[in-house]
Structures are given as C-alpha cells and as structure tokens.
Amino acid sequence: MKSVKVWWGLAGAAALASGAAKIAYHDAAHARFWWHEVPAFDLVYGFAGCLAIIVLSKALGKLWLQRPEGYYDEDGR
Amino acid sequence: MTVHPGFVLIGAAPVVALLPARARQVALLTASLGALLAAAGLPVDAGPWVQQVAGFRLELLRADALGRLFALIFTVVTVIGVVFALHVRRATEHAAVLLYAGGAVGVALAGDWITAFVFWELMGLASLAVLWHGGERAGPAGLRFLFIHALGASLFFAGLVLHVAGGGDTSLAAWAATWRAGWSLPAALILAGVAINAAIPPLHPWLTDAYPEASATGTVFLSAFTTKTAVYLLIRAFAGSELLLWAGVAMALYGVVYAVLENDIRRLLAYHIVSQVGYMVAGVGMGTAMSLDGSAAHAFCHILYKALLLMGAGAVLEATGRRKLTELGGLAARMPAVTALYMIGAFSISGVPLFNGFVSKSVIISAAADGGWPVAELLLTLASVGTFLHTGLKLPFFTFFGPDRGIVPSPLPRNMIVGMALAALLCFGLGIMPGWLYARLPFQPFEYHPYTVDHVAASLQLLLGTGGAFWLLRSKLSGEPTVSLDTDWVYRRPLRVALRTVVRGAAAAGEAARAVGPPFSIWLARIARMPASGGAPDLDAYRAPVGVTVLWVLALFILLALYGSLS
Numbered sequence: 002m003k004s005v006k007v008w009w010g011l012a013g014a015a016a017l018a019s020g021a022a023k024i025a026y027h028d029a030a031h032a033r034f035w036w037h038e039v040p041a042f043d044l045v046y047g048f049a050g051c052l053a054i055i056v057l058s059k060a061l062g063k064l065w066l067q068r069p070e071g072y073y074d075e076d077g078r
Numbered sequence: 090m091t092v093h094p095g096f097v098l099i100g101a102a103p104v105v106a107l108l109p110a111r112a113r114q115v116a117l118l119t120a121s122l123g124a125l126l127a128a129a130g131l132p133v134d135a136g137p138w139v140q141q142v143a144g145f146r147l148e149l150l151r152a153d154a155l156g157r158l159f160a161l162i163f164t165v166v167t168v169i170g171v172v173f174a175l176h177v178r179r180a181t182e183h184a185a186v187l188l189y190a191g192g193a194v195g196v197a198l199a200g201d202w203i204t205a206f207v208f209w210e211l212m213g214l215a216s217l218a219v220l221w222h223g224g225e226r227a228g229p230a231g232l233r234f235l236f237i238h239a240l241g242a243s244l245f246f247a248g249l250v251l252h253v254a255g256g257g258d259t260s261l262a263a264w265a266a267t268w269r270a271g272w273s274l275p276a277a278l279i280l281a282g283v284a285i286n287a288a289i290p291p292l293h294p295w296l297t298d299a300y301p302e303a304s305a306t307g308t309v310f311l312s313a314f315t316t317k318t319a320v321y322l323l324i325r326a327f328a329g330s331e332l333l334l335w336a337g338v339a340m341a342l343y344g345v346v347y348a349v350l351e352n353d354i355r356r357l358l359a360y361h362i363v364s365q366v367g368y369m370v371a372g373v374g375m376g377t378a379m380s381l382d383g384s385a386a387h388a389f390c391h392i393l394y395k396a397l398l399l400m401g402a403g404a405v406l407e408a409t410g411r412r413k414l415t416e417l418g419g420l421a422a423r424m425p426a427v428t429a430l431y432m433i434g435a436f437s438i439s440g441v442p443l444f445n446g447f448v449s450k451s452v453i454i455s456a457a458a459d460g461g462w463p464v465a466e467l468l469l470t471l472a473s474v475g476t477f478l479h480t481g482l483k484l485p486f487f488t489f490f491g492p493d494r495g496i497v498p499s500p501l502p503r504n505m506i507v508g509m510a511l512a513a514l515l516c517f518g519l520g521i522m523p524g525w526l527y528a529r530l531p532f533q534p535f536e537y538h539p540y541t542v543d544h545v546a547a548s549l550q551l552l553l554g555t556g557g558a559f560w561l562l563r564s565k566l567s568g569e570p571t572v573s574l575d576t577d578w579v580y581r582r583p584l585r586v587a588l589r590t591v592v593r594g595a596a597a598a599g600e601a602a603r604a605v606g607p608p609f610s611i612w613l614a615r616i617a618r619m620p621a622s623g624g625a626p627d628l629d630a631y632r633a634p635v636g637v638t639v640l641w642v643l644a645l646f647i648l649l650a651l652y653g654s655l656s
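Chains as they are written, first to last, in my numbering: chain A, 2 to 78; chain B, 90 to 656.
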C-alpha cells in the first residue's frame, strides 16, 4: 500500500508541475479554442473522459452487447 | 539502379516455400533485408516503369514521396516480423507473408489503378493464406474474412470498370482531377471497396473477428499491411471528404468502447487498430497538407508500435498458451523482457512523450484544431484517453501485473525478443528524432514542433487524469468471460439462420416430393381412367408405338435431303 501512496504523490506532483508549466510557458499563438487556455483542462478531461468511457461502455455491454463466450459456437442455430 | 522492393519479396516467396529449414531462415532474412534496401534506395520520383497490356498503360512503379514512405515502412516491418517469426517451421506461412508484404509494397508503388488493384488482390489472397495458418478458429473466421473481402474487391473492381468505361484515365496521377470534380458512381464504388479494407465501421468486423485467430507471428503482419494500404490509397485518392473526417472520428471511439468489454488480449489490440486507423481516416477527411502528412506519419508510427504490441501479446500466447485477461496475470516477474518491450509499445500508442505515437498522433489532432474542427479535436483526444486506458493500463495490468495466477511460461526463442527489441528501438528512436520522419512526409514543407512545454505538459496531464480514473475503477475493468456483439452478428446469426432455413426448406421439399410423387402419379393415372391390369395401371397401354417415331425421323431425313439438293 505504501508504494501506491508514493505513486499518488508522484502523480500529484507531476500534475501540479504540468499545471505550473502550462501557466508559465503558455503558448497563446497555438491556442485555438477556449480549453487551450485552461491550465488544468487536460487533467480534468483525461479523468472525466476515462470515467465516462468506462461507465458508458460497461453500460452498453451489460444492457446489449455482452454475451456468453460460446455465443457463436452453439451448433444447430 | 532501381529495384522494385515488392518484386524482391514476391520473387523470394516460392524459394522460401521450397527450401529446408536452415536455408529458409537465410533466404527470409536476405529477401526482407534486400527489399528494405531496395525501398530505402528508391530514387526520388523513381519510375515510371511502363507496360502496355491490352491497350492499357500500366505503371508498375512510380514512386513519389508518399509511395516511398509507405514502401519503406512496409519493408521495415517485414524485416521485424520475419525476425520475430524466424523460429516458425511452417514454410508456407513464411511464403504467404512474403507475398502479402510484396502485394502491399506493390500497391504503394503502383502508378495506376489497374496495377494497384492487381497487387491489392494479391495482398488479399495472401493475407487469407497467412490467416489460415492460425488455430482451429482461423478456418471459419477466414471464410468470413474472404466473403467480406470479396465484396470489397467487387466494389473496387466495379468502380474501376465504370471509371474506365466512362473514358477515365487509369493513372493515379490523373485521378486527383476526377476526385476534385466531386462524387461520381465510380469514385463511390472504389471508395467503398477501399473503406472495407480500412475497416471503417460498420464494415470493420472482418478485422476484429479474424486477426486474433491468426498465429502468434501471423497477426503481426496482418496488423501492418491491409488497413495501412487502404489508408495509403485514401490519402492518395480521396483526400478532403468531410464524410471521412467523421467516419474516422467515429472509428477512433468505436474501437475504444469495444476494447473496454474485450477479454481476449489480441482482440482488444485489434479493436485498437480500428481506433488508430480512425485517426488516419480523420486526417484524410480533413484534407489539409498538415492533416494528410499527419495521417502518413501516424500510419508509419502505428505500424511499428502495433507490431510491437501484437508481438508482445503473441509472445505471451506462445509462452503460456493463454490469451484471455481472465486467465492471465502476474507475468512481469517471469517475462521481464517481454513486459518492458510491450510497455514501450504501449507508451508509443498512448502518445507518451519520447515515443513515436506522440509525434504523429498529435499532428492529426493539431490539424483538427488548426482546421477549425473543435468537436473532432475533442473526440480524437477522448479516443486517446481510451487508448492509454486499454493498451497502456488495463491490458498490461491484468496480464503482466495484477493477480498472480502462478503461470509458468515456457522459454521463448531468442529471435522473438530480438524482433520486439528492433521495433521498440524504432518506436523510441522516432520519438526522440521526429525530424527524420517529418523530412520524409509527402507534403513539404512540413513544420511541426511536438516538444513544446505547453504540449508536453498537456499530454502528461491527459495521461495522469486517465491513470487516476483507471486506478479508482480498476476493479471494474478486469476481464469478463464474454464476447461482444458487433456488426458481424448480422452474418453470423440472422443471415446464417436465413441460409439454413432456405437450405432446410429446399431439402424438405425434395423429401416431400419423393414421398408423395409415386402415389400421386398412380392416383393421376387412376383418375385418367386408364384401364387397370391387375391391381396397378398399365402405364404402357397408351404409349405410341415405335413405328410412329421411325416415321417422323424418316420424314425429317427426307426434308433434309430435299433441302440439301435444292440449296
């Protein structure tokens, strides 16, 4: 469990550093849309996007797409 | 001297099929390295090699920057894959691989549609031969693969015939004018044929159905050639179609959704081929010089890291005989080299800075921003999140780390590790020296700087956010022993049932006719009031005597004789 805490610590530090870097070295010439101006946008987008992908895909799978492994093997159908 | 690298590979195929094991290895390495040298040595704007066949002008070789780039990467991955597969004793599989690679190179260097189509077909048939060297499921999966590809080839061919019949020029150089003039039936048909090979949904399931059933070594080649020759033709012939932009974006996300549900590691990676080709198709759809260069660059990088990932999955399959997340786990300590090399592929596909996916995928995403497609930019970035989630986190976590199932892998042949190491070296090399690739892109001048502080920081944030969400929900992501319905359901279920119903119906009708026929004819004879002799009617009673037939034949001869004497 200790190593997990270390990883979270490192990730947090990297997130802070990247946010700071985005503020310090902000490249206005390459900002096309408003979200390119938000220092922590990609962090939030990555986190929320990943949650959304998992939840939506799992829901699709459970409600519709997932079948038992032998689904295509049953003979006589 | 200009040597056609595709001819080197195709010419070596029969030799490789016939040689004994040790000599075969030498021939394989010689042929693939020879082809690589020939591709690397192609002069700028080589060709054209012109042949007149039946009034058509065939250009067997015409190499501009785009064709040379694809010929180069196809021969590079052939060398890598051949090294990885060097221990394999199936001579025919090796021969099929060389034909397959030669066909792909042939398409990339073809100067006209007819030559491209012939090599395209060679590639399709050879890929089927490669596929059929897989396990027992490869047989039926290959048949389904064949049907879909036959459909694609028919559409392509029909479009080509209509194009020629309409007075169209068969040279690819002249096609640009036809395409710029707008949609036409030939263009739509050819595009549909190419789109099937590019695995654009809903025409994609041949890929995710068949590729994971090939041998551990065969899948590496399959992942490299078919979809990427299609991308090549899309860049060359169909640039700038808004339809392709959105098809590409949909593809990129489609593969991601299915990868969440997938339990088979090679099928999971196959869904990520669909997803990654989506970026390239989207780049073609945007149609700007930057986006087309991005598509070409991403195809180049993708071939390398996807080969590396599938070699990793193939090595796991070879060493453990297992391919499902629910049956794997804890292999990192026992297969450290495979784990480390796989992770380089995973970092590359995920767009981690210093690896090659970072320098090519971001070109397409930046092109979307520059071209004024905010929605496409956001959705392609979202697909990138999904890519890291599956190939960078979920697959390695549950295969190499995660719960240890006490699997004892058998030792791997050294050449497999060498093949993976070669691909990993190139993934890393291109990641730190993107200028080498950028200088070879088709639309120059190409200027792009991936390593700005802003871009690196944003990429790290995206990866960190994804990693955090994965860690929170990791218990939900362990594999489940299921298969997922995809569009192949249509021909694996209802169409199969319909066909079976038709066949069974016809068989039942035949049986019924056989059972009912004799009593029915006797009954007919009865109601015709034929005289009964004994119990059953005498069927010969009213038959005309032989003499009548003789009379008619005689009359015919007389008529013929008369006709003969008169004329």
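C-beta: ideal position from N, C-alpha, C; glycine also.
- B:Tyr368 and B:Ile453 do touch by the CB rule: their CB atoms are close to 5 Å apart, below 8 Å.
- The criterion of a C-beta distance shorter than 9 Å is not satisfied by B:Leu398 and B:Leu342.
- Taking 9 Å as the cut-off, the beta carbon of B:Gly508 is found closer than this to the beta carbon of B:Leu175.
- Comparing alpha-carbon positions, the option among B:Leu613, B:Ala185, B:Val250 and B:Ala242 lying closest to B:Ala218 turns out to be B:Ala185.
- Chain-ordered, the chain A residues with CB closer than 9 Å to the CB of B:Pro463 read Arg33, Phe34 and Trp36.
- For A:Lys59, at least one C-beta of chain B is nearer than 9 Å to its own C-beta.
- Using a Cβ-Cβ cut-off of 9 Å, B:Pro425 does not count as an interface residue toward chain A, since no Cβ of chain A sits closer than that to its own.
- The beta carbon of B:Val373 sits closer than 6 Å to the beta carbons of Leu323, Ile324, Ala328, Leu333 and Ser384 from its chain, once the five residues preceding and following it are set aside; these are given in chain order.
- The beta carbons of B:Ala313 and B:Gly170 sit closer together than 9 Å.
- DSSP places B:Glu536 in the coil class of the three-state scheme, outside both helix and strand.
- The shortest CA-to-CA distance from B:Cys390 to any of B:Ser273, B:Asp353, B:His479 and B:Ile521 is the one to B:Ile521.
- B:Ser243 counts as exposed, since fewer than 16 other C-beta atoms from the protein chains shown sit within 10 angstroms of its C-beta.
- In the three-state scheme derived from DSSP, where H, G and I count as helix and E and B as strand, B:Glu225 is classed as coil.
- Judged by their CB atoms, B:Thr476 and B:Ser439 are nearer to each other than the 9 Å cut-off.
- Residues of chain A with a Cβ closer than 9 Å to the Cβ of B:Phe327 do not exist; the shortest Cβ-Cβ separation is about 26 Å.
- In the structure shown, the three-state DSSP call for B:Glu148 is strand.
- For B:Lys450, no chain A residue has a C-beta closer than 8 Å to its own C-beta; the minimum C-beta separation is roughly 14 Å.
- The beta-carbon of A:Gly47 is placed less than 9 Å from the nearest beta-carbon of chain B.
- Closer than 7 Å at the C-beta level to chain A, one finds no residue of the segment 367-392 of chain B.
- The alpha-carbon separation between B:Trp641 and B:Leu651 amounts to approximately 15 Å.
- Note on B:Thr308: 16 or more other CB atoms within 10 angstroms of its CB, so buried under the neighbour-count rule.
- Among the CB atoms of chain B, one or more fall inside 9 Å of the CB of A:Lys23.
- Rounded to whole angstroms, the separation of the alpha carbons of B:Ala288 and B:Ala336 is 11 Å.
- Of all residues in the segment 2-23 of chain A, only Ala12, Ala15, Ala16, Ser19, Ala22 and Lys23 place a beta-carbon less than 7 Å from a beta-carbon of chain B.
- For B:Gly136, there is no enclosing alpha helix (DSSP H); the residue is found in the beta strand (DSSP E) stretching over Ala135 to Val142.
- Contact between B:Leu469 and B:Ala371 is confirmed by a C-beta separation of about 6 Å, below the 8 Å threshold.
- Note on B:Val637: under 16 other CB atoms within 10 angstroms of its CB, so exposed under the neighbour-count rule.
- Per DSSP, the beta bridge partners of A:Pro69 are B:Thr571.
- Judged by their CB atoms, B:Trp295 and B:Ile285 are nearer to each other than the 9 Å cut-off.
- In this structure, B:Ala190 places its C-beta atom within 9 Å of the C-beta atom of B:Phe163.
- In its chain, beyond the 5 residues on either side, Gly192 have a beta carbon closer than 6 Å to the beta carbon of B:Leu211.
- Residue pairing by DSSP places B:Asp353 opposite B:Lys413 in a beta bridge.
- B:Gln114 and B:Leu122 have their alpha carbons spaced roughly 12 Å apart.
- B:Gln533 counts as exposed, since fewer than 16 other beta carbons sit within 10 angstroms of its beta carbon.
- Per DSSP, reduced to three states, the secondary structure at B:Ser260 is strand.
- Shown here, B:Asp201 sits in a strand according to DSSP, grouped into three states.
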